[in-house]
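**Q** Protein chains in written order, with our numbering: chain A, 1 to 460; chain B, 461 to 893.
Glycine included, every Cβ here is placed at the ideal spot set by N, Cα and C.
1. Determine the closest residue to residue 110 of chain A out of A:156, A:144, A:80, with distance taken between C-alpha atoms.
2. Residue 793 of chain B and residue 761 of chain B - do their beta-carbons sit closer together than 8 Å?
3. Between the beta-carbon of residue 605 of chain B and the beta-carbon of residue 576 of chain B, is there less than 8 Å?
4. Using a beta-carbon distance cut-off of less than 8 Å, what residues from the segment 857–887 of chain B approach chain A?
5. Are the beta-carbon atoms belonging to residue 718 of chain B and residue 725 of chain B less than 8 Å from one another?
6. Chain A beta carbons: is any one of them nearer than 8 Å to that of residue 790 of chain B?
7. For residue 638 of chain B, name the three-state secondary structure that DSSP assigns.
8. Going by Cα to Cα distance, which pick from A:122, A:337, A:204, A:142 is closest to residue 95 of chain A?
9. Taking the alpha carbon of residue 535 of chain B as the point to measure from, which residue in B:493, B:523, B:557 has its own alpha carbon closest?
10. Does residue 468 of chain B have its Cβ less than 8 Å from a Cβ in chain A?
11. Please identify, using Cβ separations under 7 Å, the residues of the segment 328–356 of chain A that lie next to chain B, in order along the chain.
12. For the segment 705–730 of chain B, list the alpha helix (DSSP H) runs that are entirely contained and at least 4 residues long, ordered along the chain.
13. Between the Cα of residue 544 of chain B and the Cα atoms of B:525, B:853, B:890, which residue gives the shortest distance?
14. Who are the neighbours of residue 407 of chain A on chain B, taking C-beta pairs under 7 Å?
15. Given 8 Å as the limit, is there contact between the segment 748–758 of chain B and the segment 785–792 of chain B, that is, 3 or more CB pairs closer than that?
16. Going by CA-CA distance only, name the one from A:119, A:440, A:43 that's closest to residue 246 of chain A.
17. Work out the CA separation of residue 221 of chain A and residue 232 of chain A for me, nearest whole Å.
18. Straight-line CA distance for residue 463 of chain A to residue 370 of chain A?
19. Would you list the residues sitting across from residue 506 of chain B in a DSSP beta bridge?
20. Starting from the beta carbon of residue 814 of chain B, find every residue of chain A whose beta carbon is closer than 8 Å, and list them in chain order.
21. Looking only at its chain, what residues have a beta carbon closer than 6 Å to the beta carbon of residue 144 of chain A, apart from the 5 residues adjacent to it on each side?
22. Using the Cα positions of residue 833 of chain B and residue 800 of chain B, report the straight-line distance between them to the nearest angstrom.
23. Would you please verify whether the beta carbon of residue 153 of chain A is less than 8 Å from any beta carbon of chain B?
24. Taking only beta-carbon positions, decide if residue 321 of chain A is within less than 8 Å of chain B.
25. Any beta carbon of chain D sitting closer than 8 Å to that of residue 425 of chain A?
26. If we ignore side chains and look at the alpha-carbon of each, how far apart do residue 377 of chain A and residue 307 of chain A end up?
27. Roughly how many angstroms separate the alpha carbons of residue 612 of chain B and residue 571 of chain B, rounded to a whole number?
28. What runs of the alpha helix (DSSP H), each 4 residues or longer, lie entirely inside the segment 841–888 of chain B?
29. Starting from residue 424 of chain A, follow the alpha helix (DSSP H) in both directions and report where the run begins and ends.
30. So, with DSSP's three-state summary, where would you put residue 280 of chain A?
31. Can you give me the start and stop residues for the beta strand (DSSP E) that residue 340 of chain A sits inside?
32. Is DSSP giving residue 760 of chain B helix, strand or coil here?
33. Using 8 Å as the threshold, is the segment 521–530 of chain B in touch with the segment 555–568 of chain B, meaning 3 or more CB pairs across them?
34. Give, in chain order, every residue of the segment 821–839 of chain B whose Cβ lies closer than 9 Å to some Cβ of chain A.
35. Check whether chain A comes within 8 Å of residue 557 of chain B, counting only Cβ atoms and requiring the distance to be less than that.
36. For the putative contact between residue 133 of chain A and residue 444 of chain A, defined by C-beta atoms under 8 Å, what is the C-beta separation to the nearest angstrom?
Written out as structure tokens, the structure reads:
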């Protein structure tokens with residue numbers, strides 16, 4: 001809750017340049033300020049089938065949530081429920097960690113423009129439409145965390161950003177409210193890179209794979225030299241090189257501060273990513289990895305995790321032609337860490353669990369597949385200390401289902417983010433996003449306490 | 461339970477031996493714990509006997525006579541081979557490059573004369589792909605994206621040539637009422653109004669040509685109407701009495717077949733206003749139309765019902781964007797409740813996935829309000845009825861083609877596998893999918 005207040009302060013500050021904005025936001029922060037004075041709420045769900053992910057499934061399990069964090073998890077008999085807790089009998093329900101999508105494009109976000117193939121200083125954070133209804137649809141699919149990425153049309157298309165779907169109570173009004181921040185309050189995210197055919201094009205874009213790799217190496221070498229100058233300056237401002245946002249971003253990648261999320265499909269492109277990662281020492285998650293199954297051993301040897309996409313029918317891209325449901329199984333059996341992603345809108349976030357189910361259809365270990373929707377993704381974003389499993393001390397991000405998440409007949413009933421309900425299938429508003437229909441694709445109306453659109457009578 | 465391997469080997473050998481020969485096929489018997497017939501009843505512990513490509517007998521295992529020398533396949537579930545009511549597979553290919561993209565000709569907005577048989581590649585990988593999940597019949601053809609993009613055909617998902625696979629040639633012509641078929645700049649059509657004007661003009665031209673041809677075929681009618689014109693006309697030579705030969709017009713001939721009810725016109729229309737336009741066209745020209753895709757169908761239930769039109773519904777998992785932004789998982793259930801004939805299609809998209817698998821799409825509908833039986837029917841007997849091929853395919857009944865799909869569990873469940881596909885009594889796939 002503290003974090004939320006901080007975001008709201010940021011929100012107000014951001015808008016304070018405009019009289020309209022400041023009055024609007026000041027009024028809207030009121031209910032939240034009141035709420036923060038309330039006695040901390042404790043909630044407990046009992047008699048549920050729990051999928052903690054870091055531990056084996058628990059039938060007849062209980063989970064206790066306080067102040068947005070998980071306070072206890074275990075068999076109902078072994079969990080002490082605080083006296084002041086609101087208790088929910090979750091008999092027949094399944095509770096699993098909120099799903100984590102390591103690769104999403106919800107929010108219509110872009111970063112780099114057409115001026116060149118390498119633009120690591122551009123931030124996707126600066127172009128996200130926080131009112132995109134896709135965020136609500138993602139909640140309907142049980143998702144709570146997204147890595148929002150720029151596209152794959154560049155060798156380096158910019159900085160990604162990790163977001164929490166804080167669409168509880170009123171919907172977020174500005175992107176700052178959904179960002180995940182580090183202990184210093186800075187938004188966290190990775191760096192998007194790509195190879196293969198998507199990032200090729202007319203000059204100044206590369207026309208071949210060889211040229212693609214060369215251009216990337218050239219930039220990382222420049223970044224190394226830039227960093228050497230920074231180190232050599234030893235804090236002396238007169239000796240510092242002029243700031244270069246692009247090179248700074250690459251330095252962060254080489255220092256492990258920014259995980260590289262690398263789009264790649266073909267087996268030889270995958271090997272190129274491994275080669276470049278090893279040359280420059282950046283930490284890489286391979287994304288899509290359609291032909292990962294052809295080089296599973298090499299990926300395992302490089303200890304490189306894979307965030308894979310599962311499509312139920314091929315076609316559309318020559319280099320992704322050999323994708324298979326078996327990819328997850330083969331990679332996992334080779335010892336590679338595997339997560340899934342939606343690539344939303346390539347696949348629909350509402351059906352994210354289906355990706356894991358289709359991998360299980362092709363023989364992937366069931367528990368590993370569930371982890372691929374949750375904990376493995378958290379690890380690939382460097383956030384596994386905070387999210388990804390039902391573990392004491394982690395954020396209370398979870399989905400409540402009416403059955404096995406790997407069954408077509410199961411539905412997400414509720415999605416909770418940081419201890420607050422952000423999706424409830426029994427509410428017509430939320431049903432709209434779960435099922436689709438008129439306005440399900442339109443921007444989410446902002447919550448306005450004192451204004452209404454002109455056609456509804458204007459200011460009240 | 462997966463296929464018994466030794467029995468399967470027998471079946472495959474039989475297929476190989478019978479290839480290219482006219483002798484009778486080895487009988488094939490399918491036994492399943494559950495036989496979904498799509499003809500009213502599901503048989504627990506059922507047996508389906510396939511002889512010479514047709515279903516010879518069906519009933520409870522033990523009560524149906526098994527022919528001598530039959531090969532036997534066993535599975536948990538058997539159901540009719542599925543029918544994809546609208547796809548572009550075979551014209552559109554897995555690579556999505558010029559080499560395998562023959563689904564849309566953009567040189568002119570109106571090309572009803574383009575035949576699907578001249579563009580269909582039966583060896584296309586996408587055809588094999590959807591077959592491996594149990595799709596045995598496809599209604600495929602030219603894609604949405606031009607006002608009239610061309611014709612469609614119905615084929616089995618087998619064959620080295622379209623001639624081998626073909627069930628019906630030129631079943632429908634494919635039209636699109638959408639922004640997608642509008643052109644930019646000074647080309648036509650540039651607006652929805654112009655789209656309809658061009659379609660109506662085309663139909664009127666076809667009506668006029670038809671009238672001319674009718675007149676030629678039945679000159680007496682014309683004489684009567686001219687009887688009082690002038691007696692001097694008696695002097696007109698015989699040569700002039702014989703009407704001039706009417707030049708062939710492939711474009712209008714295709715449209716005339718629609719006017720005559722010999723072909724349907726499939727109209728891709730997602731937005732409610734385009735659905736309304738399609739209905740208006742059907743009423744004006746008294747033609748048989750199928751609503752294709754129809755994302756807004758849930759807003760137009762009374763109108764569609766009143767017009768008596770069948771819906772080739774978009775894939776349940778079609779992306780809810782652009783003109784499909786109102787798309788809903790509940791539409792199939794709503795059509796069913798209104799008793800509007802519909803089938804769920806695999807559809808066509810310009811990017812991954814090119815061709816969806818109807819099995820998966822029906823499953824999503826079943827999870828969102830459509831009854832289980834209706835979900836199965838939406839990919840078997842319902843499309844057969846809409847396409848007019850229900851006497852041959854779509855259900856497991858004596859006398860119909862022996863097209864079956866076998867599964868190791870509930871066919872609609874995510875984690876179930878298709879374990880066998882049979883077309884015309886021959887095993888065409890045993891890959892566990």
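**A** Let me lay it out:
1. A:156
2. no
3. no
4. 872, 873, 874, 875, 876, 877
5. yes
6. yes
7. coil
8. A:142
9. B:493
10. The predicted model places residue 468 of chain B with a pLDDT of 42, which falls under 50 and marks its position as unreliable, so this point remains unresolved.
11. 345, 346, 348, 351, 354
12. 710–719
13. B:853
14. 873, 874
15. yes
16. A:119
17. 16 Å
18. Chain A is shown from 1 up to 460; residue 463 of chain A falls before or after that span and cannot be answered.
19. B:492, B:520
20. 313, 314, 315, 316
21. 98, 165, 397, 417
22. 15 Å
23. no
24. yes
25. Although the question refers to chain D, the structure presented lacks it and instead comprises the protein chains A and B.
26. 8 Å
27. 12 Å
28. 841–847
29. Unbroken run through residue 424 of chain A is the beta strand (DSSP E), 420–424; no alpha helix (DSSP H).
30. helix
31. 338–341
32. coil
33. no
34. 823, 824, 826, 827, 828, 829
35. yes
36. 6 Å
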